[in-house]
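2 protein chains.
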Amino acid sequence: MKYQRGEADLRVTIGEIARMAGVSKTTVSRVLNNKPDVKPETREMILNLISEYGFQPNAFAKAISLQKSHTVGLIIPYKADYIFSNPFYSEVMRGVSTETSKRGYHLLLCYTHKENYVDIFQQKRVEGFIVISPGSTHKNIIHKLTEIEAPFVATSKIPGEQNIKYVDIDNFYAAALAMEHLISLGHRRIGLIIGPPVLTSSEERMSGYISTLKKYNIPYNGNLVRQGNGSIESGYAAMGELLNEELTAVFVTCDTMAMGAIKAIKEKNKVVPRDISIVGFDDIPLAQILDPPLTTIKQPAYEKGASAARMLIDLIEGKEVTENCILPVDIVVRNSTSNIL
Amino acid sequence: MKYQRGEADLRVTIGEIARMAGVSKTTVSRVLNNKPDVKPETREMILNLISEYGFQPNAFAKAISLQKSHTVGLIIPYKADYIFSNPFYSEVMRGVSTETSKRGYHLLLCYTHKENYVDIFQQKRVEGFIVISPGSTHKNIIHKLTEIEAPFVATSKIPGEQNIKYVDIDNFYAAALAMEHLISLGHRRIGLIIGPPVLTSSEERMSGYISTLKKYNIPYNGNLVRQGNGSIESGYAAMGELLNEELTAVFVTCDTMAMGAIKAIKEKNKVVPRDISIVGFDDIPLAQILDPPLTTIKQPAYEKGASAARMLIDLIEGKEVTENCILPVDIVVRNSTSNIL
DNA sequence: TTGTAGGCGTTATCAA
DNA sequence: TTGATAACGCCTACAA
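Note that the protein sequences, when read in sequence, are chains R and B. Numbering follows the numbering used here, with no gaps: position 102 of the first sequence is 108. Numbering follows the numbering used here, with no gaps: position 178 of the second sequence is 184.
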């Protein structure tokens, strides 16, 4: 006896439909793919059967046949708890997801435990990847992806890496925006709480900070600069130290750290913005309900994800993708900043 | 000429490996799947070729042949911005994702725009679904999934639905825990800000609230109860109203709403917990850095997701899954509650 | 307008 | 210990 699948086979396949319609699989396939050259009555009859049985062609069979999985992978490189707990990244993911499905693709989640994304690609599960904001500690991911020749797009520049596609904002300009705002309010002694140095964004925001100081002839003072890892706690700790310095304002390069910073300030019985003005970065939803509502640099998180998805799919489909994508930023002035008294 | 794929075909397939090894595909397949009956030398030679070429069997070809995609779908039923911006759900997703990959499955993200998950299932892309905390407004999803006979597990009970598999906590008990805490501190006039009625959890927490009042002979007062949709803003609005009532404590059934509530209290120049004690729910990471740090009911978010994944995969693999899974909760006492003065 | 036949990359049966 | 062959469900070149 020949090799046969399971018993009473209820699966509806193109063959089943064909049999019931009394035509060949080819004809059904033609109907399925809206090809011409099918007699209207035949088409209609087949269409009826298809809808009656809720038939859908097996995606994987199609994938093998067409050498196309219509699926992309989403690589989340940081320790998952970091990404997952920062609402900014959630928005990026939402953008990726929505755009992906709009283009008729599916999204496979890939954690970077081990290098499972390599397998996933080589098994042809996905046609490419979106890498959520990798930093210099994730160069191995980038290199590996390059090595296996997987198309990918990152949602941030990567320090020292050329020739990779990314979507990003102008971090230098964004930082300058924050600084100009503070300076226009009369602040001169302005602190900085900067993100992890593994991120290009940190580097660039740092230059924006320094360079704006210079523009206004304010001397740079390393004592006013502290580093955090992006978490609320690290912002709290950094601010705790800065409170020993004389300053009237602090630029904090992400809203989560700004939350920590504000907490530290309050604990010293100082008041934002009366004693210290704070500018954050990202404009996460929470920013507007903080006490006080946070003045911050708004970057288009959703659009960042969506653009990355768009670029990747263009890449996959062989369209020219020469330009990287730089998205606009803006400052949202709320109540955490005020004129110096 | 016969139908042929692309030009210089660099794809490494089982056939290629077989050709290079001078054996049949069958033998390579045996090696691939660790079957016995392969001469050690043959096996080694094939293994070498496999690693040399980084060969991985095409996942989809395998899926067709085995009638098994090794993939599950993650359905996010709420308006995406809601789920995505509540850190609690992020944790659930992380649990799902980690457990899924631990079991050798892949995770496909499914937004519920239209009923795309139906297609995804019928195209055999996934073998089942995890539905993130559906409410009564998502019964259509549940019904549809039942109709197409897709295995699925929800991360919450669903009002009025029997016979569905879910992971949840004992919401009644959890609410009682919160109430007992407040009552033990001497509070008698305790308000409630409850979540959307579409969620079973709201219903059950509500009974927990009422029933604990009764246990201590405290009369139920509808004026002390308000409803929110889970957002910070709704908590803010609800608390704004409750401030017109005489009360000394409020049980808020999620931390995000509690954040809004605290904001409202502060704006009236009242102090938490001196004037009003607050108990939240979920214990999101933010809870401990709020001002004051929030006393709240901790539910195991990560584990909720992980358990759901575990149940689903058991289901898919034909293991008995008779019991639904009820996870433990606990109260975390911080500084937003205090003795009544 | 339709059907035949072969190919996509894998695994399973059965005979050698 | 191995291989020929068919099967999974789909698509397409080509002939009818």
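For each residue, glycine too, the CB sits at the ideal point set by N, CA and C.
Spatial neighbours of residue i in its chain, beta-carbon cut-off 8 Å, leaving aside the 5 residues before and after
i, result
"R:L55", "I23, M26, A27, F61"
"B:L249", "A270, I271, K274, K276"
"B:L205", "S139, G141, S142, S162, P165"
"B:T343", "H187, L188, L191, A255, P279, S283, I284, V285, T301"
"R:S237", "Y88, T262, M263, G266"
"B:A180", "R211, G214, F287, I303, Q305, V335"
"R:T218", "A181, A182, M185, E186, I189"
Residue i versus residue j: straight-line alpha-carbon distance, rounded
i, j, result
"B:G134", "R:V285", "46 Å"
"B:D87", "R:E97", "Per-residue confidence for B:D87 stands at a pLDDT of 48, beneath the threshold of 50, marking its modelled position as unreliable; the derived number appears in the next sentence. Rounded to the nearest angstrom, the two C-alpha atoms are 8 Å apart."
"R:Y123", "R:H149", "12 Å"
"R:D297", "R:K145", "38 Å"
"R:R17", "B:D43", "34 Å"
"B:K171", "B:T152", "11 Å"
"B:I216", "B:Y226", "7 Å"
"B:G12", "B:R109", "In this prediction, B:G12 has a pLDDT of 41, which is less than 50 and means its spatial position is unreliable; what the coordinates show is noted afterwards. The straight-line gap from Cα to Cα measures roughly 36 Å."
"R:I322", "R:S71", "17 Å"
"B:R232", "B:I282", "16 Å"
"B:G214", "B:I196", "13 Å"
"B:S103", "R:N345", "47 Å"
"B:I175", "B:N169", "17 Å"
"B:A312", "B:L318", "10 Å"
"B:I242", "R:A243", "One detail in the question is off: residue 242 of chain B reads as Tyr in this sequence, not Ile. When rounded, the distance between both Cα atoms is 29 Å."
"B:L198", "B:N235", "13 Å"
"R:S330", "R:A184", "First, the amino acid is wrong: residue 330 of chain R is Asn here, not Ser. The alpha-carbon atoms of R:N330 and R:A184 are separated by roughly 24 Å."
"B:I332", "B:V159", "13 Å"
Sequence-distant residues of its chain with Cβ nearer than 7 Å to residue i (five each side left out)
i, result
"B:I147", "I81, P83, T118, V137, P140"
"B:I154", "V124, F127, Q128"
"B:T48", "V29, T33"
"B:T77", "Y111, H112, L114, R131, V132, E133"
"B:E121", "K150"
"R:V338", "D289, T301, T302, K304"
"R:E252", "R195"
"B:R100", "Y308, G311"
Within chain R, partners of residue i - CB distance below 9 Å
i, result
"B:L114", "T77, H112, L113, L114, L115"
"B:G286", "Near B:G286 there are no residues of chain R at all, since even the closest Cβ is about 15 Å away, more than 9 Å."
"B:M265", "L292, I295"
Contact list for residue i against chain R, beta-carbon separation under 7 Å
i, result
"B:A65", "Q129, K130, R131"
Exposure label - residue i; buried when at least 16 CB within 10 Å
i, result
"R:Y222", "exposed"
"R:Y95", "buried"
"R:D288", "buried"
"R:K74", "exposed"
"R:D336", "exposed"
"B:R351", "There is no way to answer for residue 351 of chain B, as the model of chain B reaches only from 7 to 347."
"R:Q305", "buried"
"B:S240", "buried"
"R:P291", "buried"
"B:P202", "buried"
"B:G228", "exposed"
"R:G324", "exposed"
"B:K220", "exposed"
Cut-off 6 Å between Cβ atoms - residues of its own chain near residue i, not counting five sequence neighbours on either side
i, result
"R:A307", "F94, E97, V98"
"R:V34", "I20, I23, A24, I52"
"B:T161", "V98, I138, S139, V173, K310, A314"
"B:Y59", "V18"
"B:I200", "S208, M212, Q233, T259"
"R:P157", "G134, L321, I322"
"B:I224", "R194"
Amino acids of chain B, ordered along the chain, whose beta-carbon sits closer than 8 Å to that of residue i
i, result
"R:I70", "N64, F66, A67, I70"
"R:D125", "Q62"
"R:N332", "One detail in the question is off: residue 332 of chain R reads as Ile in this sequence, not Asn. Near R:I332 there are no residues of chain B at all, since even the closest Cβ is about 24 Å away, more than 8 Å."
Beta-carbon neighbours of residue i, restricted to chain R and to distances below 8 Å
i, result
"B:D297", "K269, K272, D297"
"B:N122", "S107"
Proximal residues of chain B, C-beta to C-beta of residue i below 9 Å
i, result
"R:I138", "Correct list: empty, because the minimum Cβ distance to chain B is about 13 Å."
Chain-ordered neighbours of residue i on chain B, where CB pairs are closer than 7 Å
i, result
"R:I238", "I295"
(message) As an exercise, report each continuous beta strand (DSSP E) stretch of at least 3 residues that is fully enclosed by the region 185 to 222 of chain R, in chain order.
(response) You should have 196 to 200.
(request) Entirely within the region 278 to 331 of chain R and at least 3 residues each: give me those beta strand (DSSP E) ranges in chain order. (result) Fully enclosed beta strand (DSSP E) runs of no fewer than 3 residues occupy 283 to 288, 301 to 304 of the region 278 to 331 of chain R, in order along the chain.
(request) Could you pull out every unbroken alpha helix (DSSP H) segment of at least 4 residues lying fully inside the region 133 to 185 of chain B, listed in chain order? (result) Every unbroken stretch of the alpha helix (DSSP H) spanning 4 or more residues and falling wholly within the region 133 to 185 of chain B is given here in chain order: 145 to 153.
(message) If we require 4 or more residues per run, which alpha helix (DSSP H) segments fall completely within the region 13 to 71 of chain B?
(response) Counting whole runs of 4 or more residues, the region 13 to 71 of chain B contains the alpha helix (DSSP H) stretches 20 to 27, 31 to 38, 46 to 58.
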